[in-house]
Amino acid sequence: MQSLTKIFFTILFLLVLTNVSQTDTLSVQLDSSQVVVEQTESVKDTSTKKETVKDTTQTSITEKVGIDNLKDLFKFEKILGSLIIILVGFYLLKIITKILQYIAERSTRYRISLKGTIPIVRLLGWALIAYTVIAIIIKPPFETIIAVSASLGIAIGLAAQDLIKNVFGGIMILFDRPFQVGDKIEIGENYGEVLTIGLRSTRIVTADDSIVSIPNSEIMNQSVSNSNSGEPNCQVVSEVFLPIDVDTIKVRDIALEVARVSKYVYLNKPISVLFFNEVKERRSFLKMRLKAYVLDIRHEFAFKSEMTELIIRELINEGVLKKEDVS
């Protein structure tokens, strides 16, 4: 709420500055008109008394215009109407996003697409609120809008270059969509599910429930790995290290069977088992890599843990491994 109040009074402050600049502009225009009048009157040999009257009239007009502009800007109806629109819009957007999040969390099929619409809804909602306050409630003159826009452009360009980069990065992410809310992505050393895409930064939640905020400008300058690209399912790789002389045929059969009966697995996509030789601490091992898809990306780590545990247990039960081999 404090941020909303600050935004509102910042807009009012800029409009006041613009009205002051308009008053100065009018004063300059009247000065020019006075010069012309003085030249004309000098040709016609008008008296000094008339010029004094013109000066007094000019000052009165200038002061009256400035006061009228300020009074019109700070009318109680306009301030109250603007605050009501901002508050109603804020809570309405909050309710809409909560509803979308609620529906998304309970729909595996449409979860990613629904979450992906939330940042766009927020952006369009705030744009509509700003338009309503400025164009319908405050109703500033066109010259005021131009002057405020120019002032904002200069101020932001000088004082908030990094912020501008992040904002443009956020807009590019929303419309170019290299990833969306709900996707599992890897940026640098950070891997996790996209929680929010804001205008300044993107937040992801990692496997240990840590929330990492990454500036959008950094995201635009790095490669991004997307595990599911908007799909509710994603591929999960589980690895188990085995003795070099293990029976790979039995290991493959057991691993495939364990994966097929898992409650997390997505059977419409292929399951594969691969073997690789690996040397660790001058000892040779056989690394088994199981690739399968989960129904919901939120079950990625649960599936990986389950596969490692059940495969080793079944290999011991079938006599393919000994307990000392995995100790």
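As numbered in the working numbering, residues 47 to 373 make up the sequence shown, in order. Glycine included, every Cβ here is placed at the ideal spot set by N, Cα and C. No experiment lies behind these values; they were computed from the predicted model shown.
One thing to note: L146 has its Cβ within 8 Å of the Cβ of I164.
Cα atoms of G244 and N212: separation of roughly 9 Å, rounded to the nearest angstrom. By the neighbour-count criterion, in which a residue is buried when 16 or more other Cβ atoms sit within 10 angstroms of its Cβ, P278 is buried. For the pair A150 and V292, the Cα-to-Cα distance works out to about 45 Å. The three-state reading of DSSP puts G228 in coil, since its state is none of H, G, I, E or B. Per DSSP, the continuous alpha helix (DSSP H) segment holding K296 begins and ends at 294–306.
8 Å or more divides the Cβ of V286 from the Cβ of L302. Scanning G215, Y137, V283 for the CA closest to the CA of K350 turns up V283. The straight-line gap separating the alpha-carbon atoms of T294 and L170 is approximately 56 Å. For the pair of segments examined, the region 307–317 was found not to touch the region 264–272: the number of CB pairs separated by less than 8 Å stays below three. Look at A176 here: in three-state DSSP terms it is helix. The DSSP assignment places complete alpha helix (DSSP H) segments of no fewer than 4 residues inside the region 238–326 at 262–266, 294–306, in order along the chain. In its chain, beyond the 5 residues on either side, D229, K230, C280, I343 have a beta carbon closer than 7 Å to the beta carbon of N274. Counting only residues of its own chain and dropping the five nearest sequence neighbours on each side, P224 has a CB closer than 6 Å to the CB of V270.
It is roughly 20 Å from the alpha-carbon of V179 to the alpha-carbon of I166. DSSP, read as helix, strand or coil, puts S330 in strand. Per DSSP, the unbroken alpha helix (DSSP H) holding K144 starts and ends at 122–151. Linking K368 to A253 through their CA atoms gives a straight-line distance of about 31 Å. Here the alpha carbon of S247 sits roughly 13 Å from the alpha carbon of I233. DSSP places I358 inside the alpha helix (DSSP H), whose first and last residues are 346–363.
A distance below 8 Å separates the beta carbons of L332 and I290.
With a cutoff of 8 Å on beta-carbon distance, V366 and K315 are scored as not near each other.
Taking the Cα of W172 as reference, the smallest distance to any Cα among R329, I142, E346 is reached at I142. Across the structure, L341 and Y177 are spaced so that their CA atoms are roughly 42 Å apart. One Cα belongs to E370, the other to V307, and the distance between them is close to 27 Å. When the Cα atoms are used, I260 and R298 turn out to be separated by approximately 40 Å.
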